[in-house]
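Each remark here refers to the structure printed beneath this line.
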Amino acid sequence: MATILIADDEPGMRILIEQTLEPLIDKGVELLLANDGKQALEIIKRAKPDLVLLDVMMPEMSGFDVCNSAKNILGMKDVYILILTAKGQKFDKQMAKDIGVNHYITKPFDLDELLEKVVNILGIEM
Numbered sequence: 310m311a312t313i314l315i316a317d318d319e320p321g322m323r324i325l326i327e328q329t330l331e332p333l334i335d336k337g338v339e340l341l342l343a344n345d346g347k348q349a350l351e352i353i354k355r356a357k358p359d360l361v362l363l364d365v366m367m368p369e370m371s372g373f374d375v376c377n378s379a380k381n382i383l384g385m386k387d388v389y390i391l392i393l394t395a396k397g398q399k400f401d402k403q404m405a406k407d408i409g410v411n412h413y414i415t416k417p418f419d420l421d422e423l424l425e426k427v428v429n430i431l432g433i434e435m
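Position 38 of the sequence shown, counted from 1, bears residue number 347 in the numbering used here, the numbering being contiguous throughout.
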C-alpha cells in the first residue's frame, strides 16, 4: 500500500488536493495531511510516505527545509518529493533541484494533471 503526504498550510488547498486524490484510496493509497513544515517532517520520519506533495511557504519550517532535512540529513532518498508552490522563479527551482526535490510544479496547476502525475509516480493502474 502506498502512502501520500499532502503538506500545505492553506486548508482549502489541502482539501482540494485530498479530493483530487480520493480515487486512489480505492486503490489502497493512504492519504496523510500536514498543515505546517514541522508537522510534515514529523510525519515523514514516522510514516515514511512514498510520495510527499509539499508546499514551500509554510509556517514552522519551509518546504525546502523539510525536503533538505528528509533527503540530506535523514538520508531518506527514496521518498519522492513533489513541490507544489507559487514560487516559480529560476532561483527557487534551482534550489529545489540542489536539495533533492524530485519534481516541481508551480501554482496554479491543473488538478487532473496532478492526479495523472501521482498515478505515474506510484505506478498505479487506473
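Don't be surprised by glycine CBs; every beta carbon is placed ideally from N, CA and C.
Remember, it's a predicted structure, so these values are computed and weren't measured experimentally.
Contact under 8 Å by Cβ, residue i with residue j
i: Ala349; j: Ala316; result: yes
i: Leu340; j: Glu319; result: no
i: Thr329; j: Leu423; result: yes
i: Met322; j: Asp345; result: no
i: Leu363; j: Ile324; result: no
Beta-carbon proximity list for residue i, same chain, < 6 Å, skipping 5 on both sides
i: Ile352; result: Leu314, Leu341 and Ala343
Residue span of the beta strand (DSSP E) that contains residue i, given as start and end
i: Glu434; result: Segment: none, Glu434 is in no beta strand (DSSP E) and carries neither H nor E.
Bounding residues of the alpha helix (DSSP H) (the contiguous stretch that carries residue i)
i: Leu314; result: No alpha helix (DSSP H) holds Leu314; the beta strand (DSSP E) holding it covers Thr312 to Ala316.
i: Ile408; result: Lys399 to Ile408
i: Leu350; result: Gly346 to Ala356
Three-state class that DSSP yields for residue i in the structure shown
i: Glu319; result: coil
i: Glu369; result: coil
Neighbourhood of residue i by C-beta, 8 Å cutoff - its chain only, sequence neighbours within 5 removed
i: Met310; result: Gly337, Val338 and Glu339
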